[in-house]
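J.:
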Amino acid sequence: MLLTNYQTDSFYDEMFSEEGGIRQSYHILKSRIEGMDDKELLSRKASAEKALLSLGITFNVYGDEEEEERIMPFDIIPRIVTAHEWKKVEEGLKQRIRALNLFIQDIYGDEKIIKDGIIPAEIVYSSSGYLKECKGIVPPKGIWIHITGTDLVRDGDGQMLVLEDNLRCPSGVSYVLENREVMKKTFPELFASLSVRPIYDYPIRLRGMLEHLSDKSNPNIAVLTPGIYNSAYYEHSFLASRMGVSLVEGTDLTVRDDKLYMRTTKGLKQVDILYRRIDDTFLDPKAFRKDSMLGVPGLFDVFKKGNVALANAPGTGVADDKVIYSYVPDFIKYYLGEDPIIPNVPTYLCSREKDLNYVCENIGNLVVKAANGAGGYGMIIGPVASMKEKEEFVAKVKADPRNYIAQPVLSLSRIPTLIEDKLEGRHVDLRPFILYGEEIYVMPGGLTRVALRRGSLVVNSSQGGGSKDTWVMG
110 MLLTNYQTDS FYDEMFSEEG GIRQSYHILK SRIEGMDDKE LLSRKASAEK
160 ALLSLGITFN VYGDEEEEER IMPFDIIPRI VTAHEWKKVE EGLKQRIRAL
210 NLFIQDIYGD EKIIKDGIIP AEIVYSSSGY LKECKGIVPP KGIWIHITGT
260 DLVRDGDGQM LVLEDNLRCP SGVSYVLENR EVMKKTFPEL FASLSVRPIY
310 DYPIRLRGML EHLSDKSNPN IAVLTPGIYN SAYYEHSFLA SRMGVSLVEG
360 TDLTVRDDKL YMRTTKGLKQ VDILYRRIDD TFLDPKAFRK DSMLGVPGLF
410 DVFKKGNVAL ANAPGTGVAD DKVIYSYVPD FIKYYLGEDP IIPNVPTYLC
460 SREKDLNYVC ENIGNLVVKA ANGAGGYGMI IGPVASMKEK EEFVAKVKAD
510 PRNYIAQPVL SLSRIPTLIE DKLEGRHVDL RPFILYGEEI YVMPGGLTRV
560 ALRRGSLVVN SSQGGGSKDT WVMG
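With my numbering applied, the sequence shown corresponds to residues 110 to 583, in that order.
So this is what it looks like as structure tokens:
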């Protein structure tokens with residue numbers, strides 16, 4: 110039996126309690142696994158992988174000359190979250206997104222939070238995501254953050270914490286939707302018994318949220334992609350297809366008379382809403398990076414004049430900055446008058462002299478990250494780093510302290526994961542997806558990313574991670 114020799118070690122395990130008993134939400138899954146012989150479970154794993162392969166769910170790893178395109182690794186042991194726990198997660202994420210939207214609106218508007226001394230002006234202005242060109246802009250319906258992927262982790266005590274926010278072009282929702290379809294075929298009987306909350310309507314909700322940004326009765330929507338060589342191109346085409354809207358590249362679009370148009374076989378057609386999947390500064394070579402070949406000349410002016418809605422709005426990347434992340438609990442208190450429902454991970458700011466000294470002296474016990482790093486790059490995990498790596502990273506931090514933060518090494522929770530022919534505990538995080546339209550919607554579940562390498566805390570697919578389906582019980 111695959112579960113017989115399973116070891117939780119000293120980590121918080123999502124399936125088993127510290128005493129070795131099964132957690133309530135996993136009782137039925139455990140019974141189902143124990144009711145199968147090992148060969149049947151492995152056979153179901155092989156069938157799931159074959160189904161995902163046939164769907165062509167891939168991602169690209171930049172700089173990998175040997176294998177540019179890969180299939181996202183997938184594990185068939187699901188993560189299960191109770192309805193009670195999910196209610197708190199949902200409320201916490203809605204609270205966070207409201208506060209972040211108010212913060213972005215404020216810093217490009219009256220800057221009250223800066224004037225009131227809640228966050229230093231230099232922290233905001235020095236962020237690579239801050240766009241001075243957005244000053245004074247009010248986006249459609251006053252919404253800046255339309256789609257968010259917030260990364261959550263569970264620490265050694267089982268408490269959920271926010272690890273980081275992803276507000277520019279959060280990716281991964283296509284894996285969530287495709288994983289679910291595969292899992293429904295892999296364990297069909299479990300869905301009936303657990304009443305797993307559905308997520309199939311996400312593309313419908315995404316389209317509805319986008320339509321809310323226009324006053325037209327039938328607005329024309331398009332998804333802007335950098336093209337087929339982008340790491341998330343599969344997702345761009347997947348979402349455009351599921352929403353029933355056009356997938357376009359910058360060369361498919363043009364600006365005429367302060368309006369945005371797409372080229373079609375029947376001539377030009379005005380675009381009212383653009384779900385952009387390219388970074389802010391590549392959107393318009395006239396307004397931002399002059400070398401951008403991905404954007405549309407004049408697009409930013411069309412946006413400023415209110416003739417096109419952009420989701421997410423330019424300038425939202427300022428809140429992806431990991432230094433600004435550390436202030437989000439203060440934003441929640443300042444704008445909403447509430448305490449954070451989901452706390453941040455304790456964070457040291459290297460721009461503060463006291464914190465800098467502590468980080469440099471204790472780097473062997475910390476995770477140190479670049480303020481705008483992503484994908485598991487631009488960071489060091491002190492306990493597993495060599496002396497040379499630590500010394501080199503300390504030099505980087507001292508040379509540019511504003512752009513580094515540090516956090517304690519968390520004992521991330523683990524979930525049983527099928528590794529070859531046995532079940533072993535692997536560390537996970539969770540990226541729920543949030544839509545902000547007429548109301549705020551939190552997808553029940555999200556992308557559970559799993560560190561497939563033994564002992565690894567890095568869950569990113571580019572660093573050897575995979576994914577699991579996340580079941581929120583009804």
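Glycine residues also receive a C-beta, built at the ideal position from the N, C-alpha and C atoms.
Just so we're clear, the structure is a prediction, and the values are computed from it rather than from any experiment.
#1: Measure the alpha-carbon distance for Ile382 versus Thr579 and round it to whole angstroms.
#2: Is the separation between the beta-carbon of Tyr444 and that of Lys478 shorter than 8 Å?
#3: When you compare only the Cα positions, how much space is there between Ile367 and Thr390?
#4: Please report the residue range of the alpha helix (DSSP H) in which Tyr311 lies.
#5: Where does Thr579 sit, in a helix, a strand or coil, going by DSSP?
#6: Just tell me which of Phe397, Lys294 and Phe125 has its CA closest to the CA of Ile185.
#7: If I'm right that Gly574 touches Val567 with Cβ under 8 Å, what's the distance once you round it to whole angstroms?
#8: Can you find a C-beta in chain B that's less than 8 Å from the C-beta of Leu556?
#9: Can you tell me which of the three DSSP states Leu162 falls into?
#10: What separation, rounded to the nearest whole angstrom, lies between the Cα atoms of Thr363 and Val282?
#11: From the DSSP output, in three-state form, read off Leu240 for me.
#12: For Asp389, does the three-state DSSP call read helix, strand or coil?
#13: Quick check on the DSSP output: the beta strand (DSSP E) that includes Pro517 runs from which residue to which?
#14: Measuring only the C-alpha atoms, how far is Thr373 from Arg306?
#15: Helix, strand or coil for His77? Go by DSSP, reduced to three states.
#16: Measuring alpha carbon to alpha carbon, tell me which of Ile256, Gly359 and Phe212 ends up nearest Asn421.
#17: I'd like to know whether the C-beta atoms of Leu519 and Asp264 end up nearer to each other than 8 Å.
#18: Buried or exposed: where does Lys611 fall if 16 or more other Cβ atoms within 10 Å of its Cβ makes it buried?
#19: Go ahead and label Met181 buried or exposed: buried means 16 or more other beta carbons lie within 10 angstroms of its beta carbon, across all protein chains shown.
#20: Give, in chain order, every unbroken run of the beta strand (DSSP E) that is at least 3 residues long and sits entirely within the stretch 196-265.
#21: Cα separation between Val233 and Ile490?
#22: Please classify Tyr550: is it buried, with 16 or more other beta-carbons within 10 angstroms of its beta-carbon, or exposed?
#23: Report the rounded CA-to-CA distance for Asp388 versus Thr425, giving the unit in angstroms.
#24: For Glu143, does the count of other Cβ atoms within 10 angstroms reach 16, so buried, or fall short, so exposed?
#25: Between which residues of its own chain and Leu276 is the CB-CB distance below 8 Å, once the five residues before and five after are set aside?
#26: Distance check for Asp439 and Ile216, CA to CA, integer angstroms please.
#27: For Pro297, count neighbouring C-beta atoms within 10 Å of its own C-beta (all shown protein chains included) and say buried if the count is 16 or more, exposed if not.
#28: Classify Asp393: buried if its beta carbon has 16 or more other beta carbons within 10 angstroms, exposed otherwise.
#29: Anyone know if the C-beta pair for Leu556 and His536 falls short of 8 Å?
T.: In brief:
#1: By one-based count along the sequence shown, residue 382 stands at place 273. By one-based count along the sequence shown, residue 579 stands at place 470. The straight-line gap from Cα to Cα measures roughly 31 Å.
#2: Stepping through the sequence shown from its first residue, residue 444 is reached at position 335. Stepping through the sequence shown from its first residue, residue 478 is reached at position 369. Their beta carbons are not under 8 Å apart, which means Tyr444 does not touch Lys478 by this criterion.
#3: The count along the sequence shown starts at 1 and reaches residue 367 at position 258. The count along the sequence shown starts at 1 and reaches residue 390 at position 281. Note that residue 367 is Asp in the sequence shown here, rather than Ile. Roughly 20 Å between the two C-alpha positions.
#4: Translated into the one-based positions of the sequence shown, residue 311 becomes position 202. Tyr311 -> alpha helix (DSSP H) spans Tyr311 to Glu320.
#5: Your numbering for residue 579 matches position 470 in the sequence shown. The answer is strand: DSSP assigns Thr579 an E or B state.
#6: Taking the sequence shown and counting its residues from 1, the one referred to as residue 185 is at position 76. If we check each option's Cα against that of Ile185, Lys294 comes out closest.
#7: Here residue 574 refers to the residue found at position 465 of the sequence shown. Here residue 567 refers to the residue found at position 458 of the sequence shown. Yes, they are in contact, since the Cβ atoms of Gly574 and Val567 sit about 7 Å apart, within 8 Å.
#8: This model lacks chain B altogether; it includes just one protein chain.
#9: Taking the first residue of the sequence shown as position 1, residue 162 is located at position 53. Note: Leu162 maps to helix in three-state DSSP.
#10: Here residue 363 refers to the residue found at position 254 when the sequence shown is read from its first residue. Here residue 282 refers to the residue found at position 173 when the sequence shown is read from its first residue. Approximately 29 Å, taken between the alpha carbons.
#11: Taking the first residue of the sequence shown as 1, we reach residue 240 at position 131. Here Leu240 sits in coil by DSSP.
#12: In the sequence shown, counting from the first residue as 1, residue 389 sits at position 280. Note: Asp389 maps to helix in three-state DSSP.
#13: As a position in the sequence shown, residue 517 is number 408, starting the count at 1. It spans Tyr513 to Pro517 - the beta strand (DSSP E) in which Pro517 sits, taken as one unbroken run.
#14: Locating residue 373 in the sequence shown gives position 264, where the first residue counts as 1. Locating residue 306 in the sequence shown gives position 197, where the first residue counts as 1. Their backbone Cα atoms lie some 39 Å apart in a straight line.
#15: Here the chain comprises residues numbered 110 to 583, so residue 77 is not present and cannot be evaluated.
#16: Position 312 of the sequence shown, counting from 1, holds the residue named residue 421. The option with the nearest alpha carbon to Asn421 is Ile256.
#17: The residue you call residue 519 lines up with position 410 of the sequence shown. The residue you call residue 264 lines up with position 155 of the sequence shown. Their beta carbons are under 8 Å apart, which means Leu519 touches Asp264 by this criterion.
#18: The chain is shown from 110 up to 583; residue 611 falls before or after that span and cannot be answered.
#19: Locating residue 181 in the sequence shown gives position 72, where the first residue counts as 1. So Met181 ends up on the buried side.
#20: 256-263
#21: The residue you call residue 233 lines up with position 124 of the sequence shown. The residue you call residue 490 lines up with position 381 of the sequence shown. Between Val233 and Ile490, the C-alpha separation is close to 27 Å.
#22: On the sequence shown, position 441 is the one that residue 550 refers to. Tyr550 is buried by the Cβ-count criterion.
#23: Here residue 388 is taken as the residue at index 279 of the sequence shown, counted from 1. Here residue 425 is taken as the residue at index 316 of the sequence shown, counted from 1. Whole-angstrom Cα-Cα distance: 10 Å.
#24: Here residue 143 refers to the residue found at position 34 when the sequence shown is read from its first residue. The residue in question, Glu143, is exposed, as its Cβ has fewer than 16 Cβ neighbours within 10 Å.
#25: Here residue 276 is taken as the residue at index 167 of the sequence shown, counted from 1. If we look at Leu276 and ignore the five residues flanking it on each side, its Cβ neighbours are Leu209, Ile254, Thr257, Asn421, Thr425, Gly426, Ala428 and Asp429.
#26: Indexing the sequence shown from 1 puts residue 216 at position 107. Indexing the sequence shown from 1 puts residue 439 at position 330. Distance between the alpha carbons of Ile216 and Asp439: 14 Å.
#27: By 1-based counting over the sequence shown, the position of residue 297 is 188. Under this definition Pro297 is an exposed residue.
#28: Here residue 393 refers to the residue found at position 284 when the sequence shown is read from its first residue. That one is buried.
#29: Translated into the one-based positions of the sequence shown, residue 556 becomes position 447. Translated into the one-based positions of the sequence shown, residue 536 becomes position 427. Contact flag unset, no.
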